[in-house]
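**Q** Following this message is one structure expressed as structure tokens.
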């Protein structure tokens with residue numbers, strides 16, 4: 001099986017990449033800090049806001065896409081500006097939709 005894990009450098013994304021790599025091939029992306037090697041996980045640099053997954057060398061078929069870009073704004077809700085809300089939507093929602101859209105034929 002083949003999986004694409006966007007945001008595989010830490011946290012939930014890293015844990016999933018390592019777990020999936022136990023029995024499958026994983027392409028894991030990171031933004032700024034390349035993670036330590038893991039079995040069957042190939043890491044590539046990727047900016048979820050500005051890059052397209054079409055630039056990543058992926059297998060012809062994917063058995064799943066995990067989207068964990070790992071960015072969160074921690075402050076009281078009433079202090080968010082409209083631009084900050086839109087930036088979060090672009091990263092968390094639009095970025096995930098773009099990843100699926102670019103790879104729907106492989107799924």
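Residue numbers (the working numbering): 1 to 107. Cβ atoms here follow ideal geometry from the backbone N, Cα and C, with glycine treated the same way.
Using the three-state DSSP reduction, which class does residue 27 fall into: helix, strand or coil?
**A** Stepping through the chain shown from its first residue, residue 27 is reached at position 27. Correct three-state label for residue 27: strand.
**Q** Three-state secondary structure (DSSP) at residue 54?
**A** The residue labelled residue 54 in the question sits at position 54 within the chain shown. If DSSP states are grouped into helix, strand and coil, residue 54 belongs with the helices.
**Q** Given this structure, state the Cα-to-Cα distance separating residue 19 from residue 67, to the nearest angstrom.
**A** For the purposes of this step, residue 19 is taken as residue 19 along the chain shown, with counting starting at 1. For the purposes of this step, residue 67 is taken as residue 67 along the chain shown, with counting starting at 1. Cα to Cα, residue 19 sits roughly 15 Å from residue 67.
**Q** My guess is that residue 23 and residue 65 are in contact by the Cβ rule of under 8 Å, so how many angstroms apart are they, rounded?
**A** As a working note, residue 23 is residue 23 in the chain shown. As a working note, residue 65 is residue 65 in the chain shown. Going by Cβ atoms, the distance from residue 23 to residue 65 rounds to 17 Å, so no, they are not a contact pair.
**Q** Rounded to whole angstroms, what is the Cα-Cα separation between residue 70 and residue 54?
**A** For the purposes of this step, residue 70 is taken as residue 70 along the chain shown, with counting starting at 1. For the purposes of this step, residue 54 is taken as residue 54 along the chain shown, with counting starting at 1. Rounded to whole angstroms, residue 70 to residue 54 spans 21 Å at the Cα level.
**Q** Taking only three categories from DSSP, how would you classify residue 64?
**A** Counting from 1 along the chain shown, the entry for residue 64 is found at position 64. DSSP places residue 64 in strand when its eight states are reduced to three.
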